[in-house]
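> Positions in the sequence shown are counted from 1; adding 466 to them yields the numbering used here.
Below you'll find the structure I mean.
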Amino acid sequence: MKAIFPRALLLAAFTLPFCQDALAGVVVNGTRVIYPAQAREVTVQVDNVGDSPALVQAWIDSGDANQTADTSDAPFVLTPPIARVEPGRSQALRLIFSGAQLPTDRETVFWLNVLDVPPSPDNADSGEQNYLQVAFRSRLKLFYRPQGLKGVANDAPAALRWTRNGDRLRVENPSPFHVTLAEVHAVTGSSEKAVEDKGAMVAPKQSLEFAAPAGTNQVRFITINDYGGRVEHTVRLGSTGS
467 MKAIFPRALL
477 LAAFTLPFCQ
487 DALAGVVVNG
497 TRVIYPAQAR
507 EVTVQVDNVG
517 DSPALVQAWI
527 DSGDANQTAD
537 TSDAPFVLTP
547 PIARVEPGRS
557 QALRLIFSGA
567 QLPTDRETVF
577 WLNVLDVPPS
587 PDNADSGEQN
597 YLQVAFRSRL
607 KLFYRPQGLK
617 GVANDAPAAL
627 RWTRNGDRLR
637 VENPSPFHVT
647 LAEVHAVTGS
657 SEKAVEDKGA
667 MVAPKQSLEF
677 AAPAGTNQVR
687 FITINDYGGR
697 VEHTVRLGST
707 GS
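As structure tokens, this is what we get:
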């Protein structure tokens, strides 16, 4: 980025939903990407909804948010890695799996990064050396999904196993799919407490724990499906279901 904007202080930030809608000029269609193993490629569309041209840089990382396009080791080819998108126009990003050895009995998660770099201000070449530019970065989950997995992704939230031990609430995911928890609420009688509201993800065959009131006997949780939709579930502790 320094080569593109040598005299600017460029601030790259993770894009929150409210920032994306209110400030960012480039919007990514969708909130996650599913890459079926049998697909030759997957396309993601980005739209410039702003009033100025945007320079878009995209790359995929393996889970380290500090990885850049130059340091990423994710087994994907993404084209184009950099593109200029005019106002009101769209750009298709092509994702191609490079054929690395990945588990065949469960999903593997990667992350698609889309950096929206704003144009230089009008006075950038007039001798004004100091100005601030804010680059909005969207980071979406990319799920590589092998063929022949047992079950379907939409049924994975209902298969989660919830248990409580004192003030610890535990959730196990026996499925081969990742389950994104947008919210988790511990219910004790007529009261309810949010124990997770910033988003968490339970990987296949893995578990998570949350702090919860000792009397919790029910859990209400919201998951995100393949299409970005929010689905609410309720389960009694010690049972499986929604």
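Every residue gets a Cβ at the ideal spot worked out from N, C-alpha and C, and that includes glycine.
This structure is a prediction, so every number in the text was calculated from the model and none was measured.
#1: Could you tell me if residue 572 is buried or exposed, where buried requires 16 or more neighbouring beta carbons within 10 angstroms of its beta carbon?
#2: So residue 622 is in the alpha helix (DSSP H); what residue range does that whole segment cover?
#3: Taking its Cβ as the centre, do 16 or more other Cβ atoms sit within 10 Å of residue 655, making it buried, or is it exposed?
#4: Quickly, what does DSSP pair residue 519 with across the bridge? List them, please.
#5: Hey, does residue 649 have any beta-carbon neighbour from chain C nearer than 8 Å?
#6: For residue 515 versus residue 491, is the C-beta spacing smaller than 8 Å?
#7: Taking three-plus beta-carbon pairs below 8 Å as touching, is the segment 692-705 in contact with the segment 622-634?
#8: Are the beta-carbon atoms belonging to residue 647 and residue 689 less than 8 Å from one another?
#9: Alpha carbon to alpha carbon, what distance is there between residue 684 and residue 544?
#10: Just to confirm the assignment: which complete beta strand (DSSP E) runs, minimum length 3, are found wholly within the segment 622-657?
#11: Using a Cβ distance threshold of 8 Å, determine whether the segment 503-513 contacts the segment 525-535, with at least three qualifying pairs required.
#12: Assuming residue 556 and residue 517 make a contact with CB atoms under 8 Å, what is their CB distance in whole Å?
#13: According to the Cβ coordinates, are residue 611 and residue 503 closer than 8 Å?
#14: What are the start and end residues of the beta strand (DSSP E) that includes residue 501?
#15: Evaluate residue 582 with the Cβ neighbour count: other Cβ atoms within 10 Å of its Cβ, from every protein chain shown; 16 or more gives buried, anything less gives exposed.
#16: For residue 695, count neighbouring Cβ atoms within 10 angstroms of its own Cβ and tell me buried if that reaches 16, exposed if not.
#17: Start and end of the beta strand (DSSP E) containing residue 513?
#18: Rounding to the nearest angstrom, what Cα-Cα distance links residue 487 and residue 493 in this structure?
#19: In or out: residue 520 buried (at least 16 other Cβ within 10 Å) or exposed?
#20: Alpha carbon to alpha carbon, how far is residue 530 from residue 670?
#21: Considering only their Cβ atoms, is the gap separating residue 608 from residue 559 smaller than 8 Å?
#22: Secondary structure at residue 619, three-state DSSP: helix, strand or coil?
#23: From the DSSP output, read off the bridge partner residues of residue 660.
#24: Need the endpoints of the beta strand (DSSP E) that residue 579 sits in, please.
#25: Residue 652 and residue 635 - do their beta-carbons sit closer together than 8 Å?
Quick answer:
#1: Residue 572 comes out buried.
#2: 622-625
#3: exposed
#4: DSSP, once it has assigned bridges, lists no residue as partnering residue 519.
#5: No chain C is part of this structure, which consists of one protein chain only.
#6: yes
#7: yes
#8: yes
#9: 44 Å
#10: 627-631, 634-638, 645-654
#11: no
#12: Their Cβ separation, rounded to whole angstroms, is 16 Å, which puts residue 556 and residue 517 out of contact at 8 Å.
#13: Going by C-beta atoms, residue 611 is nearer than 8 Å to residue 503.
#14: 498-502
#15: buried
#16: Residue burial is scored here from C-beta neighbours: residue 695 has fewer than 16 other C-beta atoms within 10 angstroms and is therefore classed as exposed.
#17: 508-514
#18: Bear in mind that a pLDDT of 46 at residue 487, under 50, signals an unreliable position, so the number given afterwards is only what the model happens to contain. Residue 487 and residue 493 have their C-alpha atoms some 8 Å from each other.
#19: buried
#20: Near 19 Å, if we compare the C-alpha coordinates of residue 670 and residue 530.
#21: no
#22: Reduced to three states, the DSSP call for residue 619 is helix.
#23: 651
#24: 574-583
#25: yes
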